[in-house]
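Residue numbers (this note's numbering): -8 to 69.
Printed below as a string of structure tokens:
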């Protein structure tokens, strides 16, 4: 399976513009979760970033989003 280049998306988190680069497969899962949730992508990722901060996670935001996507897929097929 060929490795796809990361896709970068720009959004505002707590009024700060940022870019997040993830592989397209992770964006696909996050987009599905966003559709199911009903919030905007920015609002959804802001909420996940708030969780990450509250948990004092050692992971950066991109890694945290990958872990979220993995958990989302596992819970959908579990």
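All C-beta atoms, glycine included, are put in the ideal place defined by N, C-alpha and C.
In the DSSP assignment, residue 24 falls within the alpha helix (DSSP H) that extends over 15 to 28. Contact between residue 32 and residue 58 fails: their C-beta atoms lie close to 18 Å from each other, not under 8 Å.
For residue 66, the enclosing alpha helix (DSSP H) covers residues 52 to 67. DSSP places residue 11 within a strand segment (E or B) once states are collapsed to three. Apart from sequence neighbours up to five positions away, the residues of its chain that approach residue 24 with a beta-carbon distance below 8 Å are 35, 59, 60, 63, ordered along the chain. Where residue -6 is concerned, there is no enclosing alpha helix (DSSP H), because DSSP gives it neither an H nor an E.
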